[in-house]
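Engineer:
2 protein chains.
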Amino acid sequence: MSTKALRKEEEENLLRRADDLCRQNNLRLTPIRERVYRELVQSGGPVGAYDLVDRLSSEKKRLAPVTIYRALDFLRDAGLVHRLATQNSYVISHGQPDVNAMKIMFVDSKTGETIEVHSTEVAEAVRKAAEQAGFKTVSPFMEVEGEIAH
Amino acid sequence: MSTKALRKEEEENLLRRADDLCRQNNLRLTPIRERVYRELVQSGGPVGAYDLVDRLSSEKKRLAPVTIYRALDFLRDAGLVHRLATQNSYVISHGQPDVNAMKIMFVDSKTGETIEVHSTEVAEAVRKAAEQAGFKTVSPFMEVEGEIAH
DNA sequence: TTAGATACGTTACTCTGTATCTATTCACCG
DNA sequence: CGGTGAATAGATACAGAGTAACGTATCTAA
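So the sequences go chain by chain: A and B.
If you read the first sequence in my numbering, its first letter stands for residue 5, the second for the next number, and so on.
If you read the second sequence in my numbering, its first letter stands for residue 5, the second for the next number, and so on.
1) With burial defined as no fewer than 16 other Cβ atoms inside 10 Å of the residue's Cβ, what is the status of T118/B: buried or exposed?
2) Is it buried or exposed for H86/B, if we count other Cβ within 10 angstroms and need 16 for buried?
3) Do you know offhand how far L10/B's Cα is from K140/B's?
4) Residues in the same chain with beta-carbon distance under 8 angstroms from E43/B, minus the five sequence neighbours each way, listed in chain order, please.
5) Beta-carbon within less than 7 angstroms of T124/B's beta-carbon, same chain only, minus the 5 sequence neighbours each way: which residues are those?
6) Going by other Cβ atoms of all chains shown within 10 Å of its Cβ, with 16 needed for buried, is V40/A buried or exposed?
7) Report the residues of the region 46 to 58 of chain A with a CB closer than 9 angstroms to any CB of chain B, ordered along the chain.
8) Would you tell me roughly how many angstroms separate the C-alpha atoms of P69/B and Y54/B, rounded to the nearest one?
9) DSSP three-state label for S113/A, please.
10) Buried or exposed: where does T90/B fall if 16 or more other Cβ atoms within 10 Å of its Cβ makes it buried?
11) Using only CA atoms, which one of G138/A, E38/A, S93/A, Q100/A lies nearest to F3/A?
12) Measure the beta-carbon distance from G116/B to S97/B and round it to whole angstroms, keeping in mind my assumption that it falls under 8 angstroms.
13) Taking contact to mean 3 or more Cβ pairs, one atom from each stretch, closer than 8 angstroms, check whether the region 131 to 151 of chain B and the region 12 to 24 of chain B are in contact.
14) Measure how close the beta-carbons of A134/B and F110/A come, nearest whole angstrom, since I'm counting them as under 8 angstroms.
15) Only counting the same chain, and skipping five residues up and downstream in sequence, which positions put a Cβ closer than 6 angstroms to that of S113/B?
16) Determine the closest residue to R21/B out of G49/B, G99/B, G138/B, with distance taken between C-alpha atoms.
17) Can you tell me where the alpha helix (DSSP H) with S47/A in it begins and where it stops?
18) Which first and last residues belong to the alpha helix (DSSP H) in which T71/A is found?
19) For V126/A and A129/B, which I take to be in contact (beta-carbon distance under 8 angstroms), what is that distance rounded to the nearest angstrom?
20) Using the Cα positions of I72/B and S143/B, report the straight-line distance between them to the nearest angstrom.
21) Identify whether R27/A lies in helix, strand or coil by the three-state DSSP scheme.
22) To the nearest angstrom, report how far apart E120/B and I108/B are at their CA atoms.
23) Counting contacts by CB-CB distance shorter than 7 angstroms, is V126/A in contact with chain B?
24) Classify T7/B as helix, strand or coil using the three-state DSSP reduction.
25) Is there a C-beta anywhere in chain A that falls below 7 angstroms from the one on T115/B?
26) Name the two residues that bound the continuous alpha helix (DSSP H) containing K132/A.
27) What separation, rounded to the nearest whole angstrom, lies between the Cα atoms of L18/B and D102/B?
28) For the region 128 to 144 of chain A, enumerate the residues whose C-beta is nearer than 9 angstroms to any C-beta of chain B, in chain order.
29) For chain A, find out if any of its Cβ atoms is closer than 7 angstroms to the Cβ of F78/B; answer yes or no.
30) Mind checking whether L33/A and D23/A have CB atoms under 7 angstroms apart?
Have a look at this one:
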């Protein structure tokens, strides 16, 4: 099987899982939302909101930014998509939701490529640091800049 | 000694340390840069760039945004200020630069208050996670959202 | 089937940050 | 000193990111 077919299959897996997740939680994965998610899946990396506007607009019909933002908000609430604040961009969330793990998004400073890693050790260390600071950690998500080791 | 006086003293300490740091590294802490830094110190928390524009502008002289951004860039390069990407704001960097520690900025989701904590454990755990992902961690700084434990 | 909630369209706007070009100031060297 | 190149700052304009407000359509449940 070609790598292209493999990727295609991987994409469909993600789509199906998103669909299931929404069905189970009584969320509506409407056409627009699905198109936004699909575009993010196919891109294979972070994409800016206005880039999504361009990609999902056709000659005859130009989408308004707010339409994309609303879809992104939905997908984020559903846990399907992360926002990369440092890059002003959005990227699909891989990995199964392990409540005890910190979701770390490593972002390549140069290329913008990302890899998501889940780590209970980091989660624990951060939890400790937070406690020491009088904070309760809430977000199980963080970004760290770095670079791909070649 | 009143708490107000204490804070005043703390402010002056920070200013002096910033001054020293620049002198030692042959960096020029010009009047604008110093005013921006001072404003951040006095505010005691994160401040937006345009907020700084307002605060440092007078009736007669309105500063251009780019002026503030340039000062902020300088202060960030010098390690005196952090940018909070999640908040689009800027905050002074506390703590002495320990190369082996991760600088974690806990940001209160509600109020925007921040506390900076340095942790070698988190640094180590992140380093491991990065390695596992084929990444070299570069940035010793990260943001984590949470809330103050009252 | 009708009321309420959810989702989408449209317009306009605010906030954040940068490009570009010019003027000034600084530091160093002859 | 005076001049020359680099760093700094001013001015204008613009690009990019995100939201407010309001109306319309669609879905869902009583």
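Glycine included, C-beta positions come from ideal geometry on N, C-alpha and C.
Please read these numbers as outputs of a predicted model, since none were measured by experiment.
Structural biologist: Taking the geometry as given:
1) buried
2) buried
3) 41 angstroms
4) V51, L56, R59, L60
5) N104, A105
6) buried
7) Those would be none; no residue qualifies.
8) 7 angstroms
9) coil
10) buried
11) With chain A covering 5 to 154 only, the question about residue 3/A has no answer from this structure.
12) Contact doesn't hold; Cβ gap of about 17 angstroms is too wide.
13) The region 131 to 151 of chain B makes no contact with the region 12 to 24 of chain B, as fewer than three CB pairs between them are under 8 angstroms.
14) 6 angstroms
15) Result list for S113/B: E149, E151, in chain order.
16) Closest option to R21/B, Cα to Cα, is G99/B.
17) Its alpha helix (DSSP H) spans residues 35 to 47.
18) 69 to 81
19) Right, their Cβ atoms sit about 4 angstroms apart.
20) I72/B and S143/B: Cα-Cα distance of roughly 24 angstroms.
21) The DSSP-derived three-state label of R27/A is helix.
22) 6 angstroms
23) yes
24) helix
25) no
26) 124 to 136
27) 17 angstroms
28) E128, A129, V130, K132, A133, A134, E135, Q136, A137, G138, F139, K140, T141, V142, S143
29) no
30) Yes, the Cβ-Cβ distance between L33/A and D23/A is below 7 angstroms.
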